[in-house]
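Some notes on the structure that comes next.
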């Protein structure tokens, strides 16, 4: 498809239009200016709908339009519909709840843990296995369009369980909205009248259901479709997202399509973006060729590849560079600088965190923790307040997983047949709920009369409820600790407590407001910092595996990580890592990532770090 170069795509009066906007090229500015341009040229704000990928992006867009400046729009001309796709669907479904068999006050299931439990229940209730349930969960989570007949039956049973509880799966919001619009022409006409101009952000991340929704809402007004994205930043295949939607835009929406590219990078300096483009171009053969980017600032920027002896050495390198950058920012009165440390997963951050603390560098992290002790206690507290069926089902699971009943937990390596029989009995409780319209707690109490293990669970739930009703924190906390076995030791308790406090820290206490964040590469998308580190650049880390079909997306994820950097980018790989980090034998000789081989000569430096007892030598590449 032909690509036009322009910095004023927002002024186009014909379409559908795809705006290819690479890192830092101004996609948010273009969307805001598009809204402004439309309203200033006679378009009613009620005919404009803006779909963003996250709630934060929707909030940021509204703030841009409210703020005095180039993108300001007076209140009467601001569109009301600036939201995520799920939020848009939620409003449509609530207005038509009866048509889909729900009441208007339906709840949304967003808990991944509870979804896993319920789909397992649905599999067992439908006469299939726990493994079948895992497959159905994968199909559901990845929005797999080619679902097996077994998965279809399991997911249908899962939907029936949710419906009897007046709860809707988060992802089903889009599927049900598409169904409504397909089957009811009047409703489709009603809602498409508000999408005469449909603006879609992060188009490269949509999946099949989201594509169908966009196609349905824009079907009568193709000229007004304005989507923004970059196929190099498509990183959500685990949710069914695919760069093919952006690459086949013209094929999907016809010969009248216009494709415009933004070429001037206002975030990344030249060496940083050039290095990132070379990596993704080398490993993603079907990417759209965007030619040579141009750069707003004349400075080349700095890219450094660090060859570290071990993960201990890596942590020392990261902490030293950050400490020096804090000193530099103080001496040069550069307040509010940011540094990001991007990791493949939370295990890669632990040694870095320890060294940063020793160097008295304050940092925040939002890396997930599998222990989830505080969450478990809050889940029990929520159940004790409302006894909803889904809260009860989750609480039953938490009690069993505490290993304080005779029922084997999911961690058990023996008594698997006994566990399977109990899980089947618990799943059968839903049959009573569906048939007799009882809540899960009442149905579970009936089932426990003839089963000693279920009776133990019911007794422990009763004890938790009694302790909560005492209106004192200590009895409830002690009972929850005893039954749920939330923390196996005092040390684990304080570790999780400390992580929880750090993850909620929003005040940078380093000198000059210097902010340090530790993030996964995916969670850093949409963010930027002057100084960025990417750690774990070994085969088995980045990329995670070497399967040919997964390498293009892993290269795109690395591209996203690299392009968070505005001025300076450090890429680190280790010759050895501990087994606790890699889950492989320790010590382990590691091969550096194949992605580093694609970096363009002359645009990065290379540092070889010796163990502490030896000197470090430097070489430029």
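Numbering (the numbering used here), first residue to last: 385 to 1005.
Using N, Cα and C, we set each Cβ at its ideal position, and we do this for glycine too.
Since this is a predicted model, take the numbers as computed values, not measurements.
Worksheet item: According to DSSP, which residues form a beta bridge with residue 613?
Response: Residue numbering aside, residue 613 sits at position 229 when the chain shown is read from its first letter. When DSSP reads this structure, residue 613 sits in a beta bridge with 404.
Item to complete: Starting from the Cα of residue 450, find the closest Cα among 434, 559, 397, 416 and give me that residue.
Response: Position 66 of the chain shown holds residue 450. The residue with the shortest Cα to Cα distance from residue 450 is 416.
Fill in: Cβ neighbour criterion (16 or more within 10 Å) applied to residue 890
Along the chain shown, read from residue 1 onward, the residue named residue 890 stands at position 506. Caution is warranted here: a pLDDT of 48 is assigned to residue 890, below 50, making its placement in the model unreliable, and no coordinate value can be reported.
Worksheet entry | Inter-residue Cα distance where the pair is residue 460 and residue 933 | In the chain shown, residue 460 corresponds to position 76, counting from 1. In the chain shown, residue 933 corresponds to position 549, counting from 1. Spanning the two alpha carbons is a distance of roughly 49 Å.
Fill in: Test item: CB-CB of residue 903 and residue 724 under 7 Å
Here the question's residue 903 lines up with position 519 in the chain shown. Here the question's residue 724 lines up with position 340 in the chain shown. In contact: residue 903 and residue 724 (Cβ atoms closer than 7 Å).
Worksheet item: So, residue 947 versus residue 652, is the Cβ gap smaller than 7 Å?
Response: Here residue 947 corresponds to residue number 563 of the chain shown, with the count starting at 1. Here residue 652 corresponds to residue number 268 of the chain shown, with the count starting at 1. The answer is yes: Cβ separation under 7 Å.
Discussion item. Check for me: the alpha helix (DSSP H) holding residue 662 runs from which residue to which?
Written reply: The count along the chain shown starts at 1 and reaches residue 662 at position 278. Run containing residue 662: 654-667, per the alpha helix (DSSP H) assignment.
Worksheet item: If we count Cβ pairs, one from each stretch, closer than 8 Å, do we get three or more for the segment 515-525 versus the segment 432-442?
Response: No contact exists between the segment 515-525 and the segment 432-442.
Practice prompt. Would you tell me roughly how many angstroms separate the C-alpha atoms of residue 928 and residue 605, rounded to the nearest one?
Written response: The residue labelled residue 928 in the question sits at position 544 within the chain shown. The residue labelled residue 605 in the question sits at position 221 within the chain shown. Roughly 43 Å between the two C-alpha positions.
Worksheet item: If we call anything under 7 Å between Cβ atoms a contact, is residue 365 one with residue 925?
Response: Nothing in the structure corresponds to residue 365, since the chain is present only between 385 and 1005.
Discussion item. Contact between the segment 661-678 and the segment 931-945 is defined here as three or more beta-carbon pairs at a separation below 8 Å; is this criterion met?
Written reply: Touching, per the Cβ criterion.
Item to complete: Pick out whichever of 478, 554, 980, 626 has its Cα sitting closest to the Cα of residue 495.
Response: Numbered from its first residue, the chain shown carries residue 495 at position 111. It is 554 whose Cα lies nearest to the Cα of residue 495.
Discussion item. Using a Cβ-Cβ cutoff of less than 7 Å, which residues in the same chain neighbour residue 743 once the five nearest sequence positions on both sides are dropped?
Written reply: For the purposes of this step, residue 743 is taken as residue 359 along the chain shown, with counting starting at 1. Once the five neighbours on either side are set aside, the close Cβ partners of residue 743 are 703, 707.
Discussion item. If distances are taken between C-alpha atoms only, which option among 839, 580, 987, 573 comes closest to residue 428?
Written reply: Walking along the chain shown from the start, residue 428 turns up at place 44. Here the closest residue by C-alpha is 580.
Practice prompt. Taking residue 456 as part of the alpha helix (DSSP H), name the residues at either end of that continuous run.
Written response: Working through the chain shown from its first residue, we reach residue 456 at position 72. Taken as a continuous stretch (DSSP letters only), residue 456 belongs to no alpha helix (DSSP H), as it is neither H nor E.
Worksheet entry | At least three beta-carbon pairs within less than 8 Å, the segment 562-575 to the segment 593-612 | The answer is yes - the segment 593-612 touches the segment 562-575, with three or more Cβ pairs under 8 Å.
Item to complete: In the DSSP assignment, find the alpha helix (DSSP H) that holds residue 901 and state where it starts and stops.
Response: Against the chain shown, residue 901 aligns to sequence position 517. Run containing residue 901: none in the alpha helix (DSSP H); it sits in the beta strand (DSSP E), 899-904.
Fill in: Residues near residue 480 by beta carbon distance below 7 Å, same chain, minus five either side
Sequence index remark: in the chain shown, residue 480 carries index 96 (1-based). Apart from sequence neighbours up to five positions away, the residues of its chain that approach residue 480 with a beta-carbon distance below 7 Å are 564, 571, ordered along the chain.
Discussion item. Please return the same chain residues whose Cβ sits closer than 7 Å to the Cβ of residue 825, not counting the five positions on each side in sequence.
Written reply: Reading the chain shown from its first residue, position 441 is the one you call residue 825. If we look at residue 825 and ignore the five residues flanking it on each side, its Cβ neighbours are 771, 776.
Discussion item. Quick check: the segment 606-621 against the segment 582-592, are at least 3 beta-carbon pairs closer than 8 Å?
Written reply: Yes, they touch.
Discussion item. Just verifying my parser: in three-state terms, what is the DSSP assignment at residue 994?
Written reply: As a working note, residue 994 is residue 610 in the chain shown. Annotated three-state conformation of residue 994 is coil, per DSSP.
Worksheet item: With a CB to CB cut of under 7 Å and the five nearest residues on each side skipped, what residues in its chain are close to residue 668?
Response: As a position in the chain shown, residue 668 is number 284, starting the count at 1. Within the same chain, residue 668 has close Cβ partners 936, 939, 940.
Item to complete: Per DSSP, which residues does residue 436 bridge with? Please list them.
Response: To locate residue 436, count along the chain shown from 1; it is residue 52. 468, per the DSSP bridge assignment.
Worksheet item: Relative to the alpha-carbon of residue 1006, which residue among 995, 944, 991 has its alpha-carbon at the smallest distance?
Response: Nothing can be reported for residue 1006, as the shown portion of the chain is limited to 385 through 1005.
Worksheet item: By Cβ distance below 7 Å, which residues in the same chain neighbour residue 922 in space, the five residues on each side in sequence not counted?
Response: Taking the first residue of the chain shown as position 1, residue 922 is located at position 538. If we look at residue 922 and ignore the five residues flanking it on each side, its Cβ neighbours are 957, 958, 974, 975, 976, 977.
Worksheet item: Which runs of the beta strand (DSSP E), 3 residues or longer, sit entirely within the segment 702-747?
Response: Fully enclosed beta strand (DSSP E) runs of no fewer than 3 residues occupy 722-727 of the segment 702-747, in order along the chain.
Worksheet entry | Closest by C-alpha distance to residue 875, when choosing among 847, 757, 785 | In the chain shown, the residue the question calls residue 875 occupies position 491. It is 757.
Discussion item. My output table needs one value for residue 642: the three-state DSSP class, helix, strand or coil.
Written reply: Working through the chain shown from its first residue, we reach residue 642 at position 258. DSSP, read as helix, strand or coil, puts residue 642 in strand.
Worksheet item: Terminal residues of the continuous alpha helix (DSSP H) containing residue 605?
Response: Indexing the chain shown from 1 puts residue 605 at position 221. Where residue 605 is concerned, there is no enclosing alpha helix (DSSP H), given that its DSSP letter is neither H nor E.
Practice prompt. Would you mind giving the Cβ-Cβ distance between residue 504 and residue 514, rounded to the nearest angstrom? I have them listed as a contact below 8 Å.
Written response: Here residue 504 is taken as the residue at index 120 of the chain shown, counted from 1. Here residue 514 is taken as the residue at index 130 of the chain shown, counted from 1. Contact flag correct, Cβ pair sits at about 6 Å.
Discussion item. Considering only DSSP beta bridges, list what residue 676 is partnered with.
Written reply: As a position in the chain shown, residue 676 is number 292, starting the count at 1. Beta-bridge pairing links residue 676 to no other residue.
Worksheet entry | In chain order, each alpha helix (DSSP H) run of at least 4 residues that lies wholly inside the segment 776-822 | Complete alpha helix (DSSP H) runs here, min 4: 800-820.
Worksheet item: According to DSSP, is residue 626 helix, strand or coil?
Response: Counting from 1 along the chain shown, the entry for residue 626 is found at position 242. If DSSP states are grouped into helix, strand and coil, residue 626 belongs with coil.
Worksheet item: Quick one: Cα of residue 774 to Cα of residue 592, how far?
Response: Walking along the chain shown from the start, residue 774 turns up at place 390. Walking along the chain shown from the start, residue 592 turns up at place 208. One C-alpha to the other measures close to 29 Å.
Worksheet item: DSSP state of residue 838, grouped into three classes?
Response: On the chain shown, residue 838 is found 454 positions in, with the first residue counted as 1. For residue 838, the secondary structure class from DSSP, reduced to helix, strand or coil, is helix.
Worksheet item: Grouping DSSP H, G and I as helix and E and B as strand, with all else coil, what is residue 490?
Response: Position 106 of the chain shown, counted from the first residue, corresponds to residue 490. Looking at residue 490 - three-state DSSP - the assignment turns out to be coil, as it is neither helix nor strand.
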